[in-house]
Each structure stands twice: as C-alpha cells, then as structure tokens.
Amino acid sequence: MFQKGKGGEVEALALGISGDVAPNLLWRIQNGEMPDNLNPKVWWVLIGTNDFGKHKCSEEIVLMGILRVVEEIMHHKPDATIVINGILPRSSRPDGKLVGDDKNNDDDDKVIDFWPAIQAVNENLQKICEKHDQLEYFDADSIFIKEKRSKKYIPSALMKDRLHPTALGHKIWGEAIVKKLSEILNRDKKER
1 MFQKGKGGEV EALALGISGD VAPNLLWRIQ NGEMPDNLNP KVWWVLIGTN
51 DFGKHKCSEE IVLMGILRVV EEIMHHKPDA TIVINGILPR SSRPDGKLVG
101 DDKNNDDDDK VIDFWPAIQA VNENLQKICE KHDQLEYFDA DSIFIKEKRS
151 KKYIPSALMK DRLHPTALGH KIWGEAIVKK LSEILNRDKK ER
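Numbering (full-length UniProt numbering), first residue to last: 1 to 192.
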C-alpha cells in the first residue's frame, strides 16, 4: 500500500516505534533522528495514546507534547505539509465501549475511559490545523468507531485489543491515509 514498487499508490517510510510517547519522539527529532536529506513532501504524525496510557498524562500535557513534536518538524522541514492523525480511539473495556454505562458497575472500577480525553485533544488538534496552512488534520474515528443502541464502541474486527488496529483495521485505515495523501499531493501539484 505504501510502496510504489509493490503496487502501492504512494511511497512512504514508517518511522514509528511501538510504545512511543511524545517526549521521547521530540528528543529523537532534536537529536539527529531526522536526517537533513530526508525530505518528504508530507510528514504524517500519530503520537499521544501512550502518553495517556503509560504515563497517565492530562489532556493538556498530551496536546502540548504533540504540538511540540509538530513544531519541531515544522522548524526542520518548513516546506513540508504535516498531517496530524488524531489519536486513535481506545478502550480498556472488554466489550469495546468507549465510555461506561451510567449505572454503577463493579467492572467500571477496573477500566479507564480514555475516550473523553482523546476527543478533547483531537478537537484541539483539528482547530489548530485549521489555522495553519502547513498543517492538515486526519480524523480516523469513523474508521474505528461504530455505534450500537446509541453506544459507541470499537469492533474487535478492527482493534482486537481495543488499542492496536488489526490487519483489517490497518487495511481500511491505510486506504484512507492513501486517499488523504493523494488529495494533498494533487493539490500541491496544482498550486505549483
């Protein structure tokens, strides 16, 4: 999907590290892991979920961490478009619900409702992207969130552990990414 030599529509290089958090990514960018000769037209950034999960950071800290990473990329690559992928939905509930029921449930003590905080960060990221020509926001919520009886949930077919996309989840998400990238690259060609 992301290799033209293998039939993909776009050429891409994944630089993500499993379990990464924004401060570590920022440090790596500031300390040489962004080579001067690596100059893609588009940088795609997805970071933040582990800041919530591992370090239990507040919405404000997660937002600031993402924005600092983006700011650093903008500093090093001022001619590139930067796409901020909204933090993907996640759930620690076995049924995949994003938020627990209002009724008192002993199982609710064992889970954390990440979704309200993720939504708040994503809404802020989208607003910020709307104000900057160099930034684009990508919302993957409609890919991974479904609704049943007015409750939003993550289907196990798309995220079995309710955190990491399955092969099917990656395929659908990847197709949406390719579509967005094609729109950006075609728009950039027309503007030249």
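For glycine and all other residues, C-beta sits at the position ideal for the given N, C-alpha and C. Only a predicted model underlies this, so the values are computations on that prediction, with no experimental measurement involved.
Legend entry - Alpha-carbon to alpha-carbon, Ala157 and Gly169: Gly169 and Ala157 have their C-alpha atoms some 7 Å from each other.
Inset, instruction - Kindly identify the DSSP beta-bridge partner or partners of Thr81. - result: DSSP, once it has assigned bridges, lists Val42 as partnering Thr81.
Inset, instruction - Leaving out five residues on either side along the sequence, give the residues of the same chain with a beta carbon under 6 Å from the beta carbon of Phe138. - result: Hits under 6 Å: Val83, Asn85 and Lys180.
Legend entry - Separation of Lys54 from Ile112, as counted between CA atoms: Cα to Cα, the separation comes out at about 12 Å.
Legend entry - Rounded Cβ spacing between Val21 and Val45 (contact assumed at less than 8 Å): About 13 Å separates the two Cβ atoms, so there is no contact after all.
Legend entry - Through-space distance from Gly7 to Asp51, alpha-carbon basis: Between Asp51 and Gly7, the C-alpha separation is close to 35 Å.
Inset, instruction - Could you give the DSSP three-state label for Lys146: helix, strand or coil? - result: Residue state for Lys146 is assigned as strand, using DSSP reduced to three classes.
Inset, instruction - Return the chain-ordered list of same chain residues with a C-beta closer than 7 Å to the C-beta of Glu59, the five sequence neighbours on each side being excluded. - result: Same-chain partners within the cutoff: Ala117, Ala120 and Val121.
Inset, instruction - Determine the contact status of Thr190 and Tyr153, defining contact as a CB-CB distance below 8 Å. - result: A quick correction: the sequence has Lys, not Thr, at residue 190. No.
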